[in-house]
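In full-length UniProt numbering, the protein residues as written are 1 to 97.
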């Protein structure tokens, strides 16, 4: 084995199979850029981001792990969200105070 070497199984690898997915239009109404990471609960992101928050409950960005999406001031873009894995919706599953 070589350090860093990867052994990848032949065939297709299906990610997020069977999970609910949505596309949302998001606009940064603030005067500063906002960056959101791959695993952050999207409904709890910066309040300067305008979108249908209830639709985003229990979801995170459908992007590679460890990456993020940046929203510049005044920018509007469509993002894709996917249902979070595991148990969700228990008390404390939010970033709200």
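The C-beta atom is built at its ideal place from N, Cα and C for all residues, glycine as well.
The beta carbon of residue 57 is closer than 7 Å to those of 43 in its chain, skipping five residues each way along the sequence. Looking at the DSSP output, residue 24 bridges to 79. By alpha-carbon distance to residue 74, the top candidate from 68, 9 and 34 is 34. Of the residues 29, 83 and 62, the one whose Cα lies closest to the Cα of residue 50 is 29. Residue 67 is not a Cβ neighbour of residue 22, given a cutoff of 7 Å. Straight-line spacing of the CA atoms in residue 77 and residue 25 works out to 6 Å. Nearest C-alpha to residue 83 among 52, 31 and 17: 17.
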